[in-house]
Structure formats: structure tokens, C-alpha cells
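In my numbering, the protein residues as written are 11 to 95.
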């Protein structure tokens, strides 16, 4: 992975606490069976290239791309992304 600005991290906002735990803890009961080649995120979090921040599910902007939303929720997320009609 190449980062164009040295000293900066790619920020991933995640609403799944289990995912955050697996990415930040080196080994858990659930993850010790995972093959080492699948530890890309964990390795990059440990090196500081990736930073994972918790976010509430209601504020997860990625939902606009992955879920069927009512119009008000769609409009709110669209505005958050800086998009307009």
C-alpha cells in the first residue's frame, strides 16, 4: 500500500465493534485460526498506515451505497457526502 503523504493514515470509519476489535488486537480466540496472509488490515493498523475509528450506525455514510434507505435518510447522507440534486 502506498500513501502519498508520509505521516498520514487512511481513516476507516467502522460501525462494527467486533471488526474494530479484530483489527486492533493482535490475537483473539476467534482470530488465531485465520491464515497470516489475511492479516493485511491488522498489519497496516499496527504500522499506523490505517486508523480505524468507531462510528455510530446511524452516522455510517457508506449505507447510502449498500442499503435501501427512505428518502429522508438518503437526503441526509447525500448532504453529508457534499452531493446535491
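Heads up, the beta-carbon is just placed ideally off N, CA and C, and yes, glycines get one too. As the structure is a computational prediction, the values presented were derived from the model and not from experiment.
Between the CA atoms of residue j and residue i - distance to the nearest angstrom
{"i": "residue 89", "j": "residue 64", "result": "21 Å"}
{"i": "residue 79", "j": "residue 85", "result": "9 Å"}
{"i": "residue 33", "j": "residue 55", "result": "7 Å"}
{"i": "residue 49", "j": "residue 35", "result": "11 Å"}
{"i": "residue 22", "j": "residue 81", "result": "26 Å"}
{"i": "residue 70", "j": "residue 24", "result": "8 Å"}
{"i": "residue 30", "j": "residue 66", "result": "13 Å"}
Presumed contact (8 Å Cβ cut-off) between residue i and residue j, rounded CB distance
{"i": "residue 59", "j": "residue 19", "result": "6 Å"}
Continuous beta strand (DSSP E) stretch holding residue i: start and end
{"i": "residue 22", "result": "20-24"}
Beta bridge counterpart(s) of residue i as assigned by DSSP
{"i": "residue 61", "result": "21"}
Range of the contiguous alpha helix (DSSP H) that encloses residue i
{"i": "residue 33", "result": "27-34"}
{"i": "residue 67", "result": "Looking at the DSSP string, residue 67 is not in any alpha helix (DSSP H), and its letter there is neither H nor E."}
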